[in-house]
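Positions -27 to -1, 1 to 305 (mature numbering (1 follows the signal peptide of the UniProt record, and there is no 0)) are the ones given, in order, by the sequence shown. Written below as structure tokens is the structure these notes are about.
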Amino acid sequence: MTPYPQRLLWLAVSASLFLAGCNNSSAEQPWIEYHQQLTSDLSIATIERYSPSNVGEFPERRERLFDIPETREGMLNVYALRECQITSLIAARNNQLGRVAPPSQQWLYERELWQRLSACWNSDVPDSLSDDNKARLAQLTELKTEQLPAVSWNAIFDSEEWEKSFSRASDPLDSASLPNINKHLAAVAYLEQMVVHQFNSNWQQDSATLENHLKTLQERPLTAEVLRTVLLAYQRLTEANEALESTQPKASVCLQDDFPAWLAPVEQISLQWLTAINQLINIHEITPPEAVKNYQNTWLSLRNPQAPWQQLQRVKIEHQALRDQFNRCSDN
């Protein structure tokens, strides 16, 4: 008597999990309707539907950041370089507020410190310093120059706003009400500008602009949403392809719909965003940590045949080829 109820319980749980993965969400509805149209055209009972894969987990903080040793200089040594105008800057960084500043503000501080050190080293100030202080200025300038690319990387990849963009607790985009991502693209473009111009003393950073762009990125987990959208499209087209492959083309069978027209704008937004994200990662003058390289290649890449974007392109071509084997229904 015991095994039977257990089997019923297992079946009930399995069914609930399947239905939970295939709920009629706004993103699913166009695919449901497209599958229903295909089943009607092909005169088949149903198209088996399964939950698409979730987005891979974003690398842990320690895996995606560079280790940058803290620079320690006594106040007397710093004061000896006062003509470089770094004394108040370092004091502000070392006070209570400076130590708990978010990564974005630490980035601004490190870049401003490099700017002042570089400008000082290329001025007449070193000629007025003692040999020890001149050597200290040269060493500090060289150290901050070497560290700045890693600082720029860490500032982005350690920010809460950037991490949330990859949150797995997200939904696919709704093709019926696609978001306007111009602000998000502008935010990524500004981060890219900051990286590109990090060694350009004439390019002035702006704290308010940076924080506003980061706030925009925090509005929604856009990277994860795009990836889940691509994964959903891949899954539903794969299922449609299996239905088409299992149906023998006959003169009596015709397909009424052309390829889903609503997929093109979804793809456009996905391509725009993935292009921007990859561009920002690749623009850094430093080799990314291994975990980030693997994540980028596995999930974000537009070229890797096994990454979501290329998988979608492949299954879409296959889908069109399978549709072309069938007659198109006449309008009347």
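By construction, the Cβ of each residue, glycine as well, lies at the ideal position given by its N, Cα and C atoms. These numbers come from a predicted model, not from an experiment.
Supposed contact pair residue j and residue i - C-beta distance, whole angstroms, cut 8 Å
{"i": "Leu195", "j": "Trp272", "result": "Actually they do not touch by this definition, with Cβ atoms about 14 Å apart."}
{"i": "Ser125", "j": "Trp80", "result": "6 Å"}
{"i": "Ser(-3)", "j": "Asp131", "result": "In fact, because the Cβ distance is near 33 Å, the residues do not count as touching under 8 Å."}
{"i": "Asn173", "j": "Val288", "result": "About 44 Å separates the two Cβ atoms, so there is no contact after all."}
{"i": "Glu134", "j": "Gln191", "result": "4 Å"}
Identity of the residue in the options nearest residue i by Cα
{"i": "Pro281", "options": "Pro32, Thr182, Pro25 and Gln2", "result": "Pro25"}
{"i": "Glu43", "options": "Leu113, Asp105 and Ser132", "result": "Leu113"}
{"i": "Ala216", "options": "Glu30, His292, Ala197 and Cys93", "result": "His292"}
{"i": "Pro76", "options": "Leu183, Ile129 and Ile242", "result": "Ile129"}
{"i": "Gln269", "options": "Glu1, Leu236, Gln208 and Pro32", "result": "Pro32"}
{"i": "Gln245", "options": "Gln208, Val203 and Ala224", "result": "Val203"}
{"i": "Asn95", "options": "Ser61, Arg34 and Glu56", "result": "Glu56"}
{"i": "Pro233", "options": "Arg22, Ala123 and Ile290", "result": "Ile290"}
{"i": "Ala74", "options": "Val169, Ser180 and Glu1", "result": "Ser180"}
{"i": "Ala206", "options": "Ser219, Asp147 and Ala108", "result": "Asp147"}
{"i": "Ala123", "options": "Lys107, Gln171 and Ser101", "result": "Gln171"}
{"i": "Glu30", "options": "Asn267, Leu183, Ala(-1) and Thr182", "result": "Asn267"}
{"i": "Glu21", "options": "Arg209, Ala64, Arg301 and Asn155", "result": "Arg209"}
{"i": "Leu253", "options": "Ser274, Gln221 and Gln241", "result": "Ser274"}
{"i": "Glu136", "options": "Arg34, Gln166, Arg89 and Tyr52", "result": "Arg34"}
{"i": "Gln221", "options": "Ala108, Gln2, Ala(-1) and Ser16", "result": "Ser16"}
{"i": "Glu258", "options": "Val169, Lys223 and Gln286", "result": "Val169"}
{"i": "Met167", "options": "Gln286, Tyr82 and Tyr52", "result": "Tyr82"}
Residue i versus residue j - alpha carbon distance
{"i": "Ser91", "j": "Leu121", "result": "12 Å"}
{"i": "Glu115", "j": "Gln177", "result": "21 Å"}
{"i": "Arg296", "j": "Arg84", "result": "56 Å"}
{"i": "Asp105", "j": "Pro99", "result": "11 Å"}
{"i": "Asn(-5)", "j": "Leu11", "result": "For Asn(-5), the predicted structure reports a pLDDT of 46, less than 50, and the residue's modelled location is therefore unreliable. The matter cannot be settled from this model."}
{"i": "Asp14", "j": "Asn251", "result": "41 Å"}
{"i": "Asn255", "j": "Thr19", "result": "44 Å"}
{"i": "Leu54", "j": "Leu110", "result": "7 Å"}
{"i": "Arg66", "j": "Arg45", "result": "12 Å"}
{"i": "Ser140", "j": "Val226", "result": "44 Å"}
{"i": "Pro238", "j": "Val28", "result": "21 Å"}
{"i": "Asn175", "j": "Arg72", "result": "27 Å"}
{"i": "Ser138", "j": "Tyr23", "result": "25 Å"}
{"i": "Leu(-19)", "j": "Ala197", "result": "Confidence at Leu(-19) is low in this model, with a pLDDT of 36, below 50, so its placement is unreliable and no value can be given for it."}
{"i": "Leu228", "j": "Gln283", "result": "26 Å"}
{"i": "Glu59", "j": "Asn155", "result": "The amino acid at residue 59 is misidentified as Glu; the sequence shows Ile. Distance between the alpha carbons of Ile59 and Asn155 is about 38 Å."}
{"i": "Gln279", "j": "Ala249", "result": "20 Å"}
{"i": "Cys302", "j": "Arg276", "result": "36 Å"}
{"i": "Asp230", "j": "Leu236", "result": "13 Å"}
{"i": "Cys93", "j": "Glu165", "result": "27 Å"}
{"i": "Pro(-25)", "j": "Glu1", "result": "Caution applies to Pro(-25), whose pLDDT of 42 falls short of 50 and renders its modelled position unreliable; the value that the coordinates give is listed next. Distance between the alpha carbons of Pro(-25) and Glu1 is about 36 Å."}
{"i": "Leu62", "j": "Ala142", "result": "40 Å"}
{"i": "Val241", "j": "Arg193", "result": "The residue you asked about is not Val; residue 241 is Gln in the sequence shown. Those two C-alpha atoms are separated by around 18 Å."}
{"i": "Phe299", "j": "Ser219", "result": "13 Å"}
{"i": "Leu102", "j": "Thr182", "result": "37 Å"}
{"i": "Ala294", "j": "Leu247", "result": "26 Å"}
{"i": "Thr211", "j": "Asn127", "result": "39 Å"}
{"i": "Arg89", "j": "Gln78", "result": "17 Å"}
{"i": "Lys117", "j": "Val51", "result": "15 Å"}
{"i": "Ala108", "j": "Ala64", "result": "22 Å"}
{"i": "Leu285", "j": "Asp97", "result": "60 Å"}
{"i": "Ala224", "j": "Ser243", "result": "38 Å"}
For residue i: DSSP bridge partner residues
{"i": "Cys227", "result": "Asn300"}
Touch check for the segment 5 to 19 and the segment 144 to 161: three-plus C-beta pairs under 8 Å?
-> no
Okay, do the segment 32 to 39 and the segment 255 to 263 touch, 3+ Cβ pairs below 8 Å being the bar?
-> yes
Within the chosen definition, does the segment 176 to 193 reach the segment 155 to 163 through at least 3 CB pairs nearer than 8 Å?
-> yes
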